[in-house]
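Peer 1:
Protein chains: 2
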Amino acid sequence: MEIVGEKINTSRTSVGQAVRERDAGFIEALAREQAQAGAAYLDVNSGLALYPEQEGEDLAWLVSVVQGATDLPACVDSTRGEALEAALRVHRGPAMINSVNGDPETMAAVFPLAKQYGCKVVATTTSRAERVPAGSRERLRVAEAIAREATRAGIPLEDLYFDPLVLSLATGEKNALTFLETVRVLKKGLPGAKTIAGLSNVSFGLPQRRLLNRGFLVLALGCGMDAAILDPTDRELVALARATETLLGGDPFCARYLKAFREGRLGP
Amino acid sequence: MEIVGEKINTSRTSVGQAVRERDAGFIEALAREQAQAGAAYLDVNSGLALYPEQEGEDLAWLVSVVQGATDLPACVDSTRGEALEAALRVHRGPAMINSVNGDPETMAAVFPLAKQYGCKVVATTTSRAERVPAGSRERLRVAEAIAREATRAGIPLEDLYFDPLVLSLATGEKNALTFLETVRVLKKGLPGAKTIAGLSNVSFGLPQRRLLNRGFLVLALGCGMDAAILDPTDRELVALARATETLLGGDPFCARYLKAFREGRLGP
């Protein structure tokens with residue numbers, strides 16, 4: 000499982016303040032702790048910028064700070080073409096874009112940039128017509144339309160990370176199940192394409208969220224999910240994910256599990 | 000998920016001593032704490048009895064102590080007909096027998112008792128010829144043979160709990176995966192029959208066993224497993240299982256999850 004570290008997001012008050020004040024030290028610390036905890040990408044989000052032009056400036060600054068502090072690529076979190084381009088222009092190496100969706104205008108803005116800068120792309124299986132489609136078959140159809148458009152733009156299927164978007168169980172008891180079915184259907188229907196999720200929506204509005212988030216991550220890995228946007232410094236969550244990968248048969252002689260244990264990454 | 004409480008087992012030194020000394024108070028405490036933690040059955044095992052005749056006497060004593068302290072049925076843990084019968088004779092209501100397997104002699108000893116006393120039966124998908132078959136298809140074939148024999152003895156499929164037996168990941172990286180596939184194959188191939196597992200074998204010989212056990216329980220529930228033999232007083236494990244049941248869509252309005260939270264069963 001590839002981890003996209005979620006912590007550099009201006010929806011968190013302290014991060015919003017650090018971005019406004021250009022407090023590089025604060026952002027560097029968040030970048031380093033997530034890199035040390037095993038993140039493969041670091042999400043940078045400035046969705047709460049006051050002016051549209053500001054978002055691109057903020058993202059470009061965040062990219063340069065993050066890449067100054069770590070060797071990791073950023074996952075640039077915006078659907079606005081100008082903001083993405085401002086960040087990608089200063090990014091070293093191939094970044095990840097988070098995200099495109101089935102809306103033709105968004106795809107027209109994002110895919111040419113992804114092609115130009117050689118990016119991976121997170122694609123939510125949503126269209127403008129229908130914000131989150133009800134069933135896994137409908138979500139697959141949106142994903143297929145996105146895949147066709149990506150192929151047309153010269154982006155290989157392997158660089159797409161489909162996010163079926165999970166809604167909270169508090170608003171529908173089948174929401175997690177539909178997500179899990181969609182991951183299975185996507186892995187089968189679009190072989191080669193990857194799947195990803197932001198985990199924590201599933202438990203929004205419910206108590207003891209960590210239990211639901213952990214169970215959900217394990218179930219999603221069991222369905223073949225490739226990546227997750229989460230807090231890599233949640234050691235218990237990440238250790239459970241690593242144990243799950245070993246349970247799923249991809250760890251000969253449990254070598255990776257034992258290495259993680261020796262390195263103290265499986266908890267106390 | 001039905002929980003079979005695993006703690007009253009003479010392989011644990013303190014339990015072995017309590018059974019030898021007929022220390023009813025010690026056993027009653029173990030029975031009560033497992034009942035309060037949500038067990039549906041309480042396993043009683045005296046496999047380390049010194050003489051074969053002793054095992055039946057021990058089991059009968061354990062059943063009467065457990066049923067004196069709680070309202071729960073016992074899960075009588077032996078494959079020896081005489082020992083099982085000694086325990087079932089004193090058991091009130093329908094017990095569970097743990098276990099039968101594909102060996103004709105064992106089935107001939109156990110199924111008539113199960114029929115006579117109206118028991119549920121745990122059936123491991125093993126035969127004498129081949130201790131633990133390698134693949135899920137082979138395990139299904141053993142289960143089908145057991146199901147045929149049970150039907151012949153008048154035991155409904157709904158009363159069978161198939162245990163595909165998980166071997167430790169330390170002895171084979173695909174062991175958990177094969178178990179999980181077998182659960183799926185059994186649920187599909189023998190509709191109505193239940194599935195069950197003793198969890199903790201999966202992590203034998205590996206560090207941080209709780210991580211592997213938790214991940215394995217969640218994955219098994221995701222494959223449709225109906226019951227598990229585990230320590231119900233492991234609050235974090237059971238809370239994670241309850242969260243997983245809610246994630247799997249069977250909890251309208253999250254009512255059971257919220258009730259468990261209000262009752263303090265989801266941890267601190």
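Protein chains in written order, with numbering that gives the first Met the number 0: chain X, 0 to 267; chain B, 0 to 267.
Positions of the beta carbon are idealized from the N, C-alpha and C atoms, including for glycine.
Would you list, in sequence order, the uninterrupted alpha helix (DSSP H) runs of no fewer than 4 residues that lie entirely inside the region 50-74 of chain X?
Peer 2: Taking only runs of at least 4 residues, the alpha helix (DSSP H) segments lying wholly in the region 50-74 of chain X are 51-68.
Peer 1: Using a beta-carbon distance below 8 Å, is threonine 170 of chain B in contact with chain X?
Peer 2: No, no contact with chain X.
Peer 1: Can you check whether the C-beta of aspartate 250 of chain B is within less than 8 Å of a C-beta belonging to chain X?
Peer 2: Taking Cβ atoms only, chain X reaches closer than 8 Å to aspartate 250 of chain B, which makes this a yes.
Peer 1: If we ignore side chains and look at the alpha-carbon of each, how far apart do glycine 249 of chain X and tyrosine 40 of chain X end up?
Peer 2: Roughly 22 Å between the two C-alpha positions.
Peer 1: Quick one: using the 10 Å Cβ neighbour count with 16 as the cut-off for buried, is glutamine 16 of chain B buried or exposed?
Peer 2: Its Cβ having fewer than 16 others within 10 Å, glutamine 16 of chain B is exposed.
Peer 1: Give me the Cα-Cα distance between leucine 220 of chain B and leucine 239 of chain B, rounded to the nearest whole angstrom.
Peer 2: Looking at the two C-alpha atoms, the distance is approximately 11 Å.
Peer 1: What residue from B:Glu81, B:Leu58 and B:Thr105 has the CA that sits closest to alanine 14 of chain B's CA?
Peer 2: The amino acid at residue 14 of chain B is misidentified as alanine; the sequence shows valine. The shortest Cα separation from valine 14 of chain B among B:Glu81, B:Leu58 and B:Thr105 belongs to B:Leu58.
Peer 1: What is the residue span of the alpha helix (DSSP H) that glycine 188 of chain B lies within?
Peer 2: Start and end: 174-188.
Peer 1: Nearest chain B C-beta to arginine 138 of chain X closer than 8 Å, yes or no?
Peer 2: No, because no Cβ of chain B sits closer than 8 Å to the Cβ of arginine 138 of chain X.
Peer 1: Under the three-state reduction of DSSP, which class applies to valine 99 of chain X: helix, strand or coil?
Peer 2: If DSSP states are grouped into helix, strand and coil, valine 99 of chain X belongs with the strands.
Peer 1: Can you give the Cα-Cα distance for threonine 69 of chain X and alanine 34 of chain X, rounded to whole angstroms?
Peer 2: Roughly 7 Å between the two C-alpha positions.
Peer 1: In the DSSP assignment, find the unbroken alpha helix (DSSP H) run with phenylalanine 215 of chain B in it and report its ends.
Peer 2: Taken as a continuous stretch (DSSP letters only), the alpha helix (DSSP H) holding phenylalanine 215 of chain B covers 208-221.
Peer 1: Within 10 angstroms of the Cβ of proline 231 of chain X, are there 16 or more other Cβ atoms? Answer buried if so, exposed if not.
Peer 2: Buried, by the Cβ-count rule.
Peer 1: Is it the case that the Cβ atoms of glycine 101 of chain X and alanine 82 of chain X are separated by a distance below 8 Å?
Peer 2: Result no, Cβ atoms of glycine 101 of chain X and alanine 82 of chain X do not sit closer than 8 Å.
Peer 1: Quick one: what does DSSP say valine 165 of chain X is sitting in, helix, strand or coil?
Peer 2: Valine 165 of chain X: coil per DSSP, three-state reduction.
Peer 1: Leaving aside the five residues before and after leucine 236 of chain B along the sequence, list all residues of the same chain whose C-beta is less than 8 Å from its C-beta, in chain order.
Peer 2: The residues are Arg209, Asn212, Arg213, Leu216, Leu229 and Asp230.
Peer 1: Give the interface partners of arginine 213 of chain X over in chain B, defined as CB-CB distance under 7 Å, in chain order.
Peer 2: Simply Leu239.
Peer 1: In this structure, what does DSSP give as the bridge partners for threonine 9 of chain B?
Peer 2: Threonine 9 of chain B pairs with nothing; no bridge assigned.
Peer 1: Measure the CB-CB distance between aspartate 42 of chain X and glycine 4 of chain X and report whether it falls below 8 Å.
Peer 2: Result yes, Cβ atoms of aspartate 42 of chain X and glycine 4 of chain X sit closer than 8 Å.
Peer 1: Tell me which residue opens and which closes the alpha helix (DSSP H) that isoleucine 195 of chain X is part of.
Peer 2: First-last for isoleucine 195 of chain X: 193-197, but that is the beta strand (DSSP E), not the alpha helix (DSSP H).
Peer 1: Given a cut-off of 8 Å on the beta-carbon distance, is the pair leucine 156 of chain B and alanine 192 of chain B in contact?
Peer 2: Their beta carbons are under 8 Å apart, which means leucine 156 of chain B touches alanine 192 of chain B by this criterion.
Peer 1: Would you list, in sequence order, the uninterrupted alpha helix (DSSP H) runs of no fewer than 4 residues that lie entirely inside the region 105-145 of chain B?
Peer 2: Here no run is fully enclosed.
Peer 1: Using a Cβ cut-off of 8 Å, pull out every chain X residue sitting near alanine 38 of chain B, in sequence order please.
Peer 2: Here the premise fails: no neighbours, minimum Cβ distance about 20 Å.
Peer 1: Against chain B, does alanine 196 of chain X count as a neighbour if the rule is that its beta carbon must be under 8 Å from one of theirs?
Peer 2: By this cut-off, alanine 196 of chain X is not an interface position.
Peer 1: So for alanine 82 of chain X, helix, strand or coil by DSSP?
Peer 2: Helix at alanine 82 of chain X.
Peer 1: Report all residues from its chain with a CB closer than 7 Å to the CB of valine 89 of chain B; omit the five preceding and five following residues, and keep chain order.
Peer 2: Contacts found: Ala59, Val62 and Ser63.
Peer 1: When Cβ atoms are compared, which residues of the region 176-192 of chain B fall closer than 8 Å to chain X?
Peer 2: For the region 176-192 of chain B, which is checked against every Cβ of chain X, the residues closer than 8 Å are Leu176 and Leu179.
Peer 1: Is it buried or exposed, glutamate 52 of chain X, if we count other Cβ atoms within 10 angstroms and call 16 or more buried?
Peer 2: Label assigned to glutamate 52 of chain X: exposed.
Peer 1: Specify the secondary structure class of alanine 39 of chain X as computed by DSSP and reduced to three states.
Peer 2: Looking at alanine 39 of chain X - three-state DSSP - the assignment turns out to be coil, as it is neither helix nor strand.
Peer 1: Terminal residues of the continuous beta strand (DSSP E) containing alanine 226 of chain B?
Peer 2: From DSSP, the beta strand (DSSP E) with alanine 226 of chain B extends over 226-229.
Peer 1: Measuring CA to CA, which of B:Val18, B:Cys253 and B:Thr194 is closest to glutamate 180 of chain B?
Peer 2: Here the closest residue by C-alpha is B:Thr194.
Peer 1: Answer yes or no: do leucine 189 of chain B and alanine 146 of chain B have a C-beta to C-beta separation smaller than 8 Å?
Peer 2: Going by C-beta atoms, leucine 189 of chain B is nearer than 8 Å to alanine 146 of chain B.
Peer 1: Would you report the Cα separation of glutamate 27 of chain B and aspartate 225 of chain X, rounded to the nearest angstrom?
Peer 2: So the two alpha carbons sit approximately 47 Å from each other.
Peer 1: Could one say the Cβ of glutamine 207 of chain B lies closer than 8 Å to chain X's Cβ atoms, at least one of them?
Peer 2: Yes, glutamine 207 of chain B lies at the interface with chain X (some Cβ there is under 8 Å from its Cβ).
Peer 1: In the DSSP assignment, the alpha helix (DSSP H) including arginine 234 of chain X goes from what residue to what residue?
Peer 2: 234-246 is the span of the alpha helix (DSSP H), which, as asked, contains arginine 234 of chain X.
Peer 1: What's the C-alpha gap between alanine 303 of chain X and arginine 127 of chain B?
Peer 2: Here chain X covers residues 0 to 267 and nothing more, so residue 303 of chain X does not appear.
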